[in-house]
Amino acid sequence: MASKEKQKSLNPLNSWATIILLCLVLGLAPFTPEPHVWGKIKWVLGGADGMKLMDWGDLVLHGFPWLLLGRLFVLKVRDIYQRTVTSGTEGELG
18 MASKEKQKSL NPLNSWATII LLCLVLGLAP FTPEPHVWGK IKWVLGGADG MKLMDWGDLV
78 LHGFPWLLLG RLFVLKVRDI YQRTVTSGTE GELG
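Here it is in C-alpha cells:
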C-alpha cells in the first residue's frame, strides 16, 4: 500500500505544482491581448462559426491543463471525503 501511495505521489499529473505551472504557462499562453484558451472558449460559446480542425486542436491543447487541474481537485475532494467516511466523522458537527 505504501508503495502505491509513493508511486502516486511521484506522478507529475498528481502534483499541484506541475499542474498549476502547466495552467499558467500552457493554459494561458499567449497572454496578450487575452489568454488563448479564453478566446477559444468564447468562440465555441458564440457558435464556433468558422472554426477549423486546427482551432479545435488548439482548444484541446490549451484546455488540457485546466482539465488536469479539475481532475486533481476532484481527486483531492474525493480523498478527503473518503478519509472522513472511514474515520467515522461523517455527519458530526464541529
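Adding 17 to a residue's 1-based position in the sequence shown gives its number in our numbering.
Quick reminder that beta carbons are idealized off the backbone N, C-alpha and C, glycines included.
These figures come from a predicted structure and were not determined experimentally.
Three-state secondary structure assigned by DSSP to residue i
i, result
"P52", "coil"
"M71", "helix"
"D96", "helix"
"N31", "helix"
"P82", "helix"
Residue burial classification, residue i (beta-carbon count within 10 angstroms, cutoff 16)
i, result
"P82", "buried"
"G44", "buried"
"G111", "Note on G111: pLDDT 49, under 50, position unreliable in the model; the coordinate value appears next. Label assigned to G111: exposed."
"I97", "exposed"
"K114", "Residue 114 lies beyond the range of the chain shown here (18 to 111); nothing can be said about it."
"K57", "buried"
CA nearest to the CA of residue i, picked from the options
i, options, result
"V54", "V102, R88, L89 and D75", "D75"
Residue i vs residue j beta-carbon contact at 9 Å
i, j, result
"M68", "V61", "yes"
"I36", "L89", "yes"
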